[in-house]
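Taking it in order: structure first as C-alpha cells, then the write-up.
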Amino acid sequence: MSYSRALTLAFFLGPAMTLVILFFVLPVIVTLYASFTDLRNWNIQRGLTEFVGTYNYEILGYMAFNNPKVKYAVITTIVFVAATLFINVVGGLTLAILTFFLEERVSTGYRLLWLLPRMTPVAVYSLLWYYFFHSSDLGTLNKVLLSLGLISEPIDWKLWHLPVGTWMILVFVNGLVGVSFGMIVFYSAIKSLPWEYIAAARVDGAGNLTLVRRIILPQLRWHLVFVTVWQLLSLLTTYAHIFLLYQWGTIDRLWGQTWSLFVFTTAFLGDQRQGLAAAAATVLVAIGAVLGLITLRIMGFQRLVTRPRGEL
Amino acid sequence: MAQELAHAGISWRLKLVIALALLLASTPVLMTYTMLMLSSFSKEIVTDPLLRDFEPTLENWVIFLTGQLTYAAAGLRYNVVELVASTAIVALGVALVATVSSMLAAYSLSRMDFKGRRVTLAGLILLHAFPGVAMIIGVYIIYIALGNLTGLQGSVAYTMLYVILARAALEVPMATWLFKGFFDKIPWEIEWSALVDGASRITVWRKILVPMIKPGIAAVLIFTFLAGWEEFVYLWVFLKPRGVDSLPTFIDEVVASAEYYQLTIVAAAGTFYLLPTIIFFIVTQRLLLEAYSGGLKG
C-alpha cells in the first residue's frame with residue numbers, strides 16, 4: 001500500500017476506528033482486567049493494582065448458589081429471557097404476517113405504532129408503565145380491574161404471587177419494546193419473497209392459512225434463527241428500563257434484578273464493588289461473543305462482504 | 001408483487017378482522033401514551049382508560065415552561081432550561097459525531113479494498129452485539145483515568161464531551177452499516193470517471209458521493225439524534241453526579257420520591273421529552289421503516 005493510499009484510508013477510517021477502539025475495545029479489555037482486581041468505589045489508583053486473581057469469579061460462583069441476590073438474579077434472568085424471547089419472536093412474526101395481509105397504508109400505520117416503544121426515551125417509556133402498574137388505585141391496571149369488579153382492592157403487582165408479578169411486569173414492558181425487531185425483519189423478508197411462489201400457490205388454490213404455513217413460514221426459517229439469537233443477546237444485556245422500574249419500586253428489588261442489572265447496580269450503587277461487577281460483566285461478554293459469532297454465520301457473512309467491484 | 005398476489009385471495013372481511021385484532025392488541029400502547037399526554041393537561045394524573053379523572057388545566061405546562069421547579073420538601077431545585085439544554089447538547093453531539101465518522105468509514109468499507117476490510121466488517125457486527133453494561137464499567141474507568149491524566153477530573157465540559165463521544169461510539173456500528181448500504185447502491189461508474197480524471201478519493205467522496213446519499217445522511221442524523229435523545233444511563237452515570245441535570249434524570253429523581261411531588265408536572269416533562277420522537281416519527285415514517293430494515297439486513 002502506497003503512502004498516500006494509507007493516508008486516504010486513515011482519513012476515512014480514522015475517526016470511527018478511534019471511537020471504536022477507545023469506547024468498545026479498550027473498555028472491554030479494562031473490564032476484563034478489573035475483574036481480576038479488588039476495585040471498589042472507583043478508587044482506581046489503589047484498586048487497579050490490587051490483584052486478587054480469580055477471587056471475584058469464585059465469589060460470584062459461590063453467591064450464585066448461596067446469596068439470594070445473585071441466586072435470584074440468575075433465576076430471573078433465565079425466566080425473563082426465555083419468556084420475553086418467546087413473546088418477541090412469536091409476536092414479531094404474527095405482526096409481520098398480519099400486517100403483510102393488510103393494505104399498505106394501514107399496515108404502515110400499525111408497524112410504526114409498534115416501533116414507537118423502541119424509539120421512546122427510556123425514562124418516558126418506563127414512566128408509562130410506572131403509572132400502569134402502580135400499586136395503589138392510581139394504577140391503570142388496578143383501576144380497570146376494580147371497575148370491572150374483578151378485584152375488590154388494589155393489588156401491589158410486584159408482590160403478586162412473588163416473583164410471578166414482578167416477572168410479568170418485566171416481560172410485558174420489555175416484550176413490547178422487542179417485538180418490533182422481529183416484526184421488521186420478518187416483514188421485509190416476506191415482502192421480498194419471490195412472487196412466483198405465492199402466484200403458484202394461489203393458482204393451486206391455496207387458502208390464506210396454507211399460504212402462511214406452506215410458503216411463508218418455511219422461507220423464514222433462517223430469519224427466525226437470526227431474530228432469535230439476536231434478541232437473546234439483546235435481552236441478556238438490556239437493563240436501562242429495568243433499572244428505572246427497579247428504582248421506582250415498580251418491580252421487586254430482589255426478584256426484579258436480571259444479571260445485567262446486577263452488574264450495573266453492583267458497580268454504580270450500594271457497595272460499589274467494580275471488581276466483582278466486572279467479573280459478572282465478563283461472563284456476559286463471553287456469552288455475547290459466542291452468540292455474536294453464531295449470528296455472523298447465520299447472516300451469511302460471506303455474502304455481505306463481497307469485494308468492491310471496481311477497486312482501482 | 002408478492003404482496004398484491006397474497007392480497008388477491010383475501011376478502012375485505014378478513015382484512016377488517018385482522019385490522020381490528022391488531023387494534024385491540026395495540027390498545028395498551030395507544031392508551032398509555034394518550035393518558036400520559038392528557039395527564040400533562042390535567043389537575044390529577046390520568047390513569048383511567050375512560051378518562052374520568054381528566055380535569056383540564058394548563059397549569060402544569062405553565063409551571064414546566066416558566067422554568068423553575070422547586071420541591072421544597074425534598075430540597076430539590078430544577079432549572080428547566082438546563083434540563084432541556086443538557087439533553088439536547090448530548091443528542092446533537094451524538095448525532096454529529098456518529099454521523100460524520102460513520103459516513104467516512106462506510107465509504108472506505110464500501111469502495112476501497114484493503115487488508116483487514118473483512119475483519120473490520122465482521123467486527124462491526126460483533127460490536128453491535130456487545131453488552132453495553134459490560135462496557136460502561138470500562139468506559140467509566142477510562143473516564144476517571146483520562147480525567148486524572150489531564151487534570152480535568154470533575155469538569156463539566158470534559159464530562160459532557162466524554163459522554164457525547166462514548167455514546168456516539170455505540171451508534172457507529174449500526175450507522176456505518178446503514179451508510180454502507182447507501183454507498184453500495186451508487187453505480188461505481190460515476191465515481192470511476194472522476195477518479196480517472198485525476199480527482200482524489202477524498203474529493204470524489206466529498207463532491208460526488210456525499211451529495212448523492214443525502215437521504216441516507218438525513219436518516220442517520222435522525223436515528224443517532226433520537227438515540228442520544230432517549231439516553232438515560234450515560235446521563236445518570238456521568239452527568240448527574242457532576243451536578244448536571246437532564247430531562248431523564250429529572251423524571252427519574254422526581255418519580256423515585258413520588259409521594260411528595262406533583263406527578264402531573266412530570267407528565268408535562270415526559271410529554272415534552274417525547275415530542276421530538278413523535279415529530280420525527282410522523283415526518284419520516286417511511287424512511288424510518290426502510291432504514292431500519294435496511295440497517296438490519298446490512
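The listed protein sequences derive, respectively, from chains A and B. If you read the first sequence in this note's numbering, its first letter stands for residue 1, the second for the next number, and so on. If you read the second sequence in this note's numbering, its first letter stands for residue 1, the second for the next number, and so on. Built from N, CA and C at the ideal position, the CB exists for glycine as well. These numbers come from a predicted model, not from an experiment.
{"query": "Output the boundary residues of the beta strand (DSSP E) element that contains B/Q68.", "result": "68-71"}
{"query": "Under 7 Å, Cβ to Cβ, is there at least one residue of chain A near B/Y273?", "result": "yes"}
{"query": "State the Cα-Cα distance for the pair A/L209 and A/I151, rounded to the nearest angstrom.", "result": "39 Å"}
{"query": "By a C-beta neighbour count over all protein chains shown, 10 Å radius and 16 as the cutoff for buried, is B/L50 buried or exposed?", "result": "exposed"}
{"query": "Assuming B/I251 contacts B/G270 under a Cβ cut-off of 8 Å, what Cβ separation, rounded to an integer in Å, is found between them?", "result": "6 Å"}
{"query": "With 16 other CB atoms within 10 Å as the buried threshold, where does B/L296 fall?", "result": "Residue confidence for B/L296 is low, a pLDDT of 46 falling below 50, so the modelled location carries little weight; the figure read from the coordinates is stated next. When all chains shown are included, B/L296 counts as buried."}
{"query": "Can you list, in chain order, the residues of its chain with a C-beta nearer than 7 Å to that of B/R242? Leave out the 5 residues immediately preceding and following it.", "result": "G154, V156, T159"}
{"query": "Verify the contact flag: A/T120, CB atom, against every heavy atom of the ligand FAD, threshold strictly below 6 Å.", "result": "This structure lacks the ligand FAD; in fact it carries no ligand of any kind."}
{"query": "If you follow the beta strand (DSSP E) that B/L76 is part of, which residue opens it and which one closes it?", "result": "76-79"}
{"query": "State yes or no: is the beta carbon of B/D197 nearer than 7 Å to at least one beta carbon in chain A?", "result": "no"}
{"query": "Note down, in chain order, every chain A residue with its Cβ under 9 Å from the Cβ of B/I142.", "result": "L22, F23, L26, P27, V30"}
{"query": "Any beta carbon of chain B sitting closer than 7 Å to that of A/L19?", "result": "yes"}
{"query": "With DSSP as the reference, label A/T258 as helix, strand or coil.", "result": "coil"}
{"query": "Say whether the segment 280-293 of chain A touches the segment 123-143 of chain B, bearing in mind that this needs 3 or more beta-carbon pairs closer than 8 Å, one atom from each stretch.", "result": "yes"}
{"query": "Where does the unbroken alpha helix (DSSP H) through B/A268 begin, and where does it stop?", "result": "263-283"}
{"query": "Do the CB positions of B/L221 and B/T99 come within less than 7 Å of each other?", "result": "yes"}
{"query": "Closer than 7 Å, CB to CB, is B/E44 near chain A or not?", "result": "no"}
{"query": "In chain order, what residues of the same chain lie with their CB nearer than 6 Å to the CB of A/Y187, ignoring the 5 residues before and after it?", "result": "A96"}
{"query": "From A/F24 to B/A175, what does the alpha carbon distance come to, in whole angstroms?", "result": "15 Å"}
{"query": "Just verifying my parser: in three-state terms, what is the DSSP assignment at B/S42?", "result": "strand"}
{"query": "How many angstroms separate the CA atom of A/F392 from the CA atom of B/T57?", "result": "It is not possible to answer for residue 392 of chain A, since the shown part of chain A is limited to 1 through 312."}
{"query": "Given this structure, state the Cα-to-Cα distance separating B/T70 from A/P121, to the nearest angstrom.", "result": "24 Å"}
{"query": "Is the beta carbon of B/W205 closer than 7 Å to that of B/Y107?", "result": "yes"}
{"query": "Should A/Y246 go down as buried or exposed, given a rule of 16 or more other Cβ atoms within 10 Å for buried?", "result": "buried"}
{"query": "Measure the C-alpha to C-alpha separation of A/N66 and A/N174 and round it to an integer number of angstroms.", "result": "28 Å"}
{"query": "Compare the C-alpha of A/V74 against each of A/L254, A/G270, A/A267, A/R273 and name the closest.", "result": "A/L254"}
{"query": "Closer than 8 Å, Cβ to Cβ, to anything on chain A: give me those residues from the segment 220-232 of chain B, in chain order.", "result": "L226, W229, E230, E231, F232"}
{"query": "My guess is that B/L289 and A/L112 are in contact by the Cβ rule of under 8 Å, so how many angstroms apart are they, rounded?", "result": "7 Å"}
{"query": "Considering just the uninterrupted stretch of the alpha helix (DSSP H) at B/W192, what are its terminal residues?", "result": "188-196"}
{"query": "Quick check: is the beta carbon of B/Y78 nearer than 7 Å to any beta carbon in chain A?", "result": "no"}
{"query": "Looking at the secondary structure, which residues open and close the alpha helix (DSSP H) in which A/H161 lies?", "result": "Here A/H161 belongs to no alpha helix (DSSP H), and DSSP marks it neither H nor E."}
{"query": "For chain A, is any of its Cβ atoms less than 7 Å away from the one on B/S108?", "result": "yes"}
{"query": "What's the gap between the Cα of A/Y131 and the Cα of B/T47?", "result": "7 Å"}
{"query": "Does DSSP classify B/P56 as helix, strand or coil?", "result": "strand"}
{"query": "According to DSSP, is A/F132 helix, strand or coil?", "result": "helix"}
{"query": "Is B/G298 helix, strand or coil by DSSP?", "result": "Annotation note: pLDDT 33 at B/G298 (below 50); position unreliable, no value reported."}
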